[in-house]
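J.:
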Amino acid sequence: MKFRKILVPVSGTAASEEAIRLACELAKKNKSLICAVYVIPVQRTLPLDAEVESEISKAEEVLNHIEDIAIEQGCDIEADLLQSREVAPAIVDEATEREADLIIIGVEYKTRFGEFNLGDVIPYVLKNARCRVILYQQYTA
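According to this note's numbering, the residues represented by the sequence shown are 1 to 141, in order.
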């Protein structure tokens, strides 16, 4: 499989960092472009373009770290900050807009009521993405 563009949503977790590393491995083989996106969810009580400084500074810090990892691995990367009412549709829309061939999402092991839970974002992306999706689950000891 060849991938020209790989979209990697990042959130500052160890799982999203490992997802970038996986994207770099795949990108090196195909000389692909990696597009890292950090989505800030904006509450409905605020305008969509509201600048929430604490969230923006965290996002910029995460994106800078992700860019450093990709550069260290010798990969081309574009890193963008998005603001949206909902994270999942923003990821799917960004993948469509960028014509991504692959989405790689890092997932931490989470439980809800004692059962493994993927949350709301991942099922939405799996259902609505118009490209391949790889889930990278962070190993927890």
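Positions of the beta carbon are idealized from the N, C-alpha and C atoms, including for glycine. Here the structure is a predicted model, which means the values were calculated and not measured.
Helix, strand or coil: which one does DSSP assign to residue 84?
T.: Counted from its first residue, the sequence shown places residue 84 at position 84. Looking at residue 84 - three-state DSSP - the assignment turns out to be strand.
J.: Could I get the ranges of all uninterrupted alpha helix (DSSP H) runs contained in the stretch 101-140, with 4 residues as the minimum, in chain order?
T.: 121-128
J.: Do residue 37 and residue 82 have their C-beta atoms within less than 7 Å of each other?
T.: As a working mapping, residue 37 is identified with position 37 in the sequence shown. As a working mapping, residue 82 is identified with position 82 in the sequence shown. Yes.
J.: Would you give the residue range spanned by the beta strand (DSSP E) that residue 36 belongs to?
T.: In the sequence shown, counting from the first residue as 1, residue 36 sits at position 36. 33-41 is the extent of the beta strand (DSSP E) around residue 36.
J.: With residue 125 and residue 88 assumed to form a contact (beta carbons below 8 Å), what rounded beta-carbon distance in angstroms separates them?
T.: On the sequence shown, position 125 is the one that residue 125 refers to. On the sequence shown, position 88 is the one that residue 88 refers to. With a Cβ gap of about 6 Å, residue 125 and residue 88 count as contacting.
J.: Which residues share a DSSP beta bridge with residue 9?
T.: The residue labelled residue 9 in the question sits at position 9 within the sequence shown. The partner list for residue 9 (beta bridge, DSSP) reads 37.
J.: Which value, in whole angstroms, describes the spacing of the CA atoms of residue 62 and residue 133?
T.: For this step, residue 62 is matched to residue 62 along the sequence shown. For this step, residue 133 is matched to residue 133 along the sequence shown. The alpha-carbon atoms of residue 62 and residue 133 are separated by roughly 22 Å.
J.: Report back the beta-carbon spacing between residue 4 and residue 101 to the nearest angstrom; my notes put them in contact at under 8 Å.
T.: The residue labelled residue 4 in the question sits at position 4 within the sequence shown. The residue labelled residue 101 in the question sits at position 101 within the sequence shown. Between residue 101 and residue 4 the Cβ distance is about 6 Å, and since that is below 8 Å, they are a contact.
J.: With a threshold of 16 other CB atoms inside 10 Å of the CB of residue 27, please say whether the residue is buried or exposed.
T.: By 1-based counting over the sequence shown, the position of residue 27 is 27. Buried.
J.: Over the uninterrupted alpha helix (DSSP H) stretch that includes residue 60, give me the two end residues.
T.: Within the sequence shown, residue 60 is the residue found at index 60, counting from 1. Counting along the chain, the alpha helix (DSSP H) containing residue 60 begins and ends at 53-72.
J.: Determine whether the beta carbon atoms of residue 91 and residue 8 lie at a separation below 7 Å.
T.: Indexing the sequence shown from 1 puts residue 91 at position 91. Indexing the sequence shown from 1 puts residue 8 at position 8. Not closer than 7 Å, so no.
J.: Three Cβ pairs or more, each shorter than 8 Å: is that satisfied between the stretch 10-23 and the stretch 103-119?
T.: yes
J.: Are the Cβ atoms of residue 25 and residue 136 separated by less than 7 Å?
T.: Start at 1 with the first residue of the sequence shown, and residue 25 comes out as number 25. Start at 1 with the first residue of the sequence shown, and residue 136 comes out as number 136. No.
J.: Taking the continuous alpha helix (DSSP H) assigned at residue 25, which residues delimit it?
T.: Locating residue 25 in the sequence shown gives position 25, counting from the first residue. Residue 25 -> alpha helix (DSSP H) spans 14-30.
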